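Q: Its first residue numbered 169, the sequence shown is counted upward by one per residue in our numbering.
Idealized CB from N, CA, C, for every residue including glycine.
The structure displayed is predicted, hence computed values, not measured ones.
Sharing a structure here in structure tokens format.
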Amino acid sequence: MIEVMKVWQDKNAIMQIYPRSYYDSNGDGVGDLAGIREKLSYLKGDDSSLGVDAIWISPFYPSPMKDFGYDVANYTDVDPIFGSLEDLDALIADAHERGMAVMIDFVPNHSSNEHKWFKAALENPDSPERDYYIFRDAAPDGSAPNNWLSVFGGSAWELDERSGQYYLHSFLPEQPDLNWSNPELRSHMQDYIRFWFDRGADGLRVDAIRWMAKDPEFRDDPPNENFKDGQDPYNKLRHVYSRYSKELDDYLRSITEVAREYKDRLIVFEDHLDEITPVADQIRRMFNVDNTLSAAFNFQAMHIPFSTWEFAEMVERYQSALPDGALPFYCFSNHDESRVATRFGQTEARMLTVLQLMLPGIPVLYYGQEIGMTDTYIEPGLVRDPFELRVPGKGLGRDPQRTPMQWNASSNAGFSSSDETWLPINDNYSEVNVENQLSDSRSALFITKQLLSLRSKYAELRNADNYRREYCDESVFSFSRSCGIESFLTICNFSDNPVDYSLPYDGLDWSVLISAQGCDYSISDKITIQPKDGVVLKFSRFIADII
Ligand code: GLC
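Structure representation (structure tokens):
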């Protein structure tokens, strides 16, 4: 990764922006690209900015919005609800001027059923487009070709009444799966990627990759013996045939090949670790697609309990599986999972921001994470997410973590001038908002800003491999990052009690740089870490000389 990714190597973090919810510039209740552009100065470039060096924008393509943009009807345009291609050009140009990189979402596994290819495929079963999708004959009794399930509930097959065949949709019936074994399809998808790289996108976040390659024999998935009633019904089966066929590596490589034609483009694959393949193999696989420019997110922090051991293991398992020089990408929240401040509490989330932003690589923040935004209760009548609508009552809905950004205490939290916003604003907006926190040096926002500035200053903090666990017990997890003469020790107290922590390595010059809870500390040969605090200490002298 080292030689190719110069643009990315100095990035202190990525802010994920869900465009519907960032800022509504035209008063229609939905965020848009011009809105993101207006808010770039909040992200970087002014004295009061947060100081984050890159953004990833979730899909903005023309879409019937059945899955809010993850159903793409045209891969080379912008949906009018978000603006126009010109708005995107202007956004990219402004971001670049501020020294920010722009990553966009690429959705290879499925298109919308309103994509021209799918329309042609339905219209004429003999058209070349028919093979861009996965149509199969019905089983002899007329039922679906096999038992594969849709992530969003029910069978993964939908009957095309006109032809009597079924088509595959790993997600919604309105998201038919694309057939990556068709070379022509692959070549079109490569052209689409070129289109965005030519327009200045610096990287791609590649969606839902595990479904791109399925068993060529379409065998039934076996039952999951561990499935319990009440769980997500998708987990009734072990998805050994409907995902991850061995062709996946080639398909992913056809994406990285395009990135290789350009300079400094980064590909980050979206893949949660699954229960079937050994974890280290899964991690290595994503990075090794092209070890100079491809990577995979680490989502583990979104699935583990609030425990020192779990967090230490999450980091170390991933770090030790990384190929040499590969950059880690730690995510603690995103648009698919409950927000970190809801999962663990706002105080805990502040501590975890310190933990996340002191880890190696390029951490990924989710909009609003920096102010401690929480999930929003969505009344049943207001639910928009197809996941909740199709598999109700199991807590799978993703609307709660997608509500509008809370900018200030004015109406609609300063997000929109419309009477109604696409999702409701969280009730806590008059307290939890950017404006309040910008002027408060003990706020979550201020602490995030401090951490980002530290990451910008010390290139070594962004390195992949100078992480070292210092200590872990049931209360405290600490680790150091060696950065030459000056190095950093991060101590997180997960417990409800103050903890005396003996400082390692006698004779060093210690100072406290950051406290997640804004506590004041005095240091002797030990430091008493306050409950739920995450503290960053600087110490001078090269740690490698001491160990
Ligand atoms: C990914 C996206 C999710 C989307 C799904 C289908 O997991 O993150 O939001 O619904 O893919 O595209």
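Residues around the ligand GLC, please: the condition is that the C-beta lies closer than 5 angstroms to some non-hydrogen atom of it.
A: Cβ atoms closer than 5 angstroms to the ligand GLC belong to D235, Y238, F339, D375, A376, D504.
Q: Around the Cβ of P473, are there at least 16 other Cβ atoms within 10 angstroms (buried) or fewer (exposed)?
A: Under this definition P473 is an exposed residue.
Q: Output the distance between the C-alpha atoms of L619 and D255, rounded to the nearest integer angstrom.
A: So the alpha carbons of these two residues sit roughly 31 angstroms apart.
Q: How long is the line joining the alpha carbons of G219 and G540, rounded to whole angstroms?
A: Looking at the two C-alpha atoms, the distance is approximately 17 angstroms.
Q: Fully enclosed by the stretch 445–499, which beta strand (DSSP E) runs are 3 residues long or longer?
A: DSSP runs (the beta strand (DSSP E)) wholly in the stretch 445–499: 462–466.
Q: Look up H119 in the DSSP assignment and say whether it is helix, strand or coil.
A: Missing from the structure shown is residue 119; the chain here goes from 169 to 715 and no further.
Q: So V408 is in the beta strand (DSSP E); what residue range does that whole segment cover?
A: V408 -> no beta strand (DSSP E), and no H or E assigned at all.
Q: Going by other Cβ atoms of all chains shown within 10 Å of its Cβ, with 16 needed for buried, is P248 buried or exposed?
A: Under this definition P248 is an exposed residue.
Q: Is P234 helix, strand or coil when you go by DSSP?
A: The question names Pro, but residue 234 is Lys in the sequence shown. Of the three classes helix, strand and coil, the one that applies to K234 here is coil, per DSSP.
Q: Which first and last residues belong to the alpha helix (DSSP H) in which Y603 is found?
A: In the sequence on display, residue 603 carries Glu and not Tyr. Where E603 is concerned, the enclosing alpha helix (DSSP H) stretches over 602–606.
Q: Buried or exposed: which applies to R630, given that a residue is buried once 16 or more other Cβ atoms fall within 10 Å of its Cβ?
A: Under this definition R630 is a buried residue.
Q: Give the range of the beta strand (DSSP E) segment to which I697 is assigned.
A: Start and end: 694–697.
Q: With burial defined as no fewer than 16 other Cβ atoms inside 10 Å of the residue's Cβ, what is the status of E505: buried or exposed?
A: Classification for E505: buried.
Q: With distance defined between alpha-carbon atoms, name the residue in S663, E642, A632 nearest to S648.
A: Among S663, E642, A632, the Cα nearest to that of S648 belongs to A632.
Q: I need the straight-line Cα distance from R266 to M183, nearest angstrom please.
A: Whole-angstrom Cα-Cα distance: 14 angstroms.
Q: Anyone know if the C-beta pair for Y689 and F656 falls short of 9 angstroms?
A: Cβ distance not < 9 angstroms, so Y689 and F656 don't count as in contact.
Q: Quickly, what does DSSP pair R373 with across the bridge? List them, please.
A: R373 pairs with D273, V436.
Q: DSSP beta-bridge partners for E326?
A: For E326, which the question treats as bridged, DSSP gives the partners Y335.
Q: Is L416 near L434, with beta carbons less than 9 angstroms apart?
A: No, they are not a contact pair.
Q: Any idea what DSSP makes of I170, helix, strand or coil?
A: Because the pLDDT at I170 is just 48, under 50, the model does not fix this residue reliably, and the value given afterwards should be weighed accordingly. Correct three-state label for I170: coil.
Q: Thinking C-beta only, is A258 closer than 9 angstroms to A222?
A: Result no, Cβ atoms of A222 and A258 do not sit closer than 9 angstroms.
Q: In chain order, what residues of the same chain lie with their CB nearer than 6 angstroms to the CB of C651, ignoring the 5 residues before and after it?
A: Excluding residues within five positions, the ones whose Cβ falls inside 6 angstroms are Y626, E628.
Q: Could you tell me which of S311, D345, N347 sits nearest to Q333, measuring between CA atoms?
A: Of the candidates S311, D345, N347, the one whose C-alpha sits nearest the C-alpha of Q333 is S311.
Q: Which residue wins for smallest C-alpha separation from F303, given the options Q698, I272, S338?
A: Nearest C-alpha to F303: S338.
Q: In whole angstroms, what separates the C-alpha of A489 from that of V522?
A: Approximately 23 angstroms between the Cα atoms of the pair.
Q: Is G549 helix, strand or coil by DSSP?
A: G549: helix per DSSP, three-state reduction.
Q: Along the chain, where does the alpha helix (DSSP H) that runs through D255 open and close?
A: Looking at the DSSP string, the run of the alpha helix (DSSP H) that includes D255 is 253–265.
Q: Tell me which residues share the same chain as D192 and place their Cβ nearer than 7 angstroms to its Cβ, disregarding the 5 neighbours each side in the sequence.
A: Taken in chain order, the residues that qualify are V198, G199, D200, G203, F583, S584, S586.
Q: In this structure, does DSSP put E638 in helix, strand or coil?
A: Three-state result, E638: strand.
Q: Buried or exposed, going by whether 16 or more other CB atoms sit within 10 Å of the CB of R330?
A: Exposed is the call here.
Q: Given 8 angstroms as the limit, is there contact between the stretch 405–420 and the stretch 361–368, that is, 3 or more CB pairs closer than that?
A: Verdict: no, contact absent.
Q: Ignoring anything shorter than 3 residues or poking outside the stretch 529–579, list the beta strand (DSSP E) runs there in chain order.
A: The qualifying runs are 532–534.
Q: Could you pull out every residue in the same chain whose Cβ sits closer than 7 angstroms to the Cβ of A288, ignoring the five residues on either side in sequence?
A: So the qualifying residues of the chain are S295, E297.
Q: Just to confirm, is the Cβ distance from I593 to P572 under 9 angstroms?
A: For I593 and P572, yes; Cβs fall inside 9 angstroms.
Q: With distances taken from CA atoms, which of V374, Y402, R637 is nearest F320?
A: Checking every option, the nearest Cα to that of F320 belongs to Y402.
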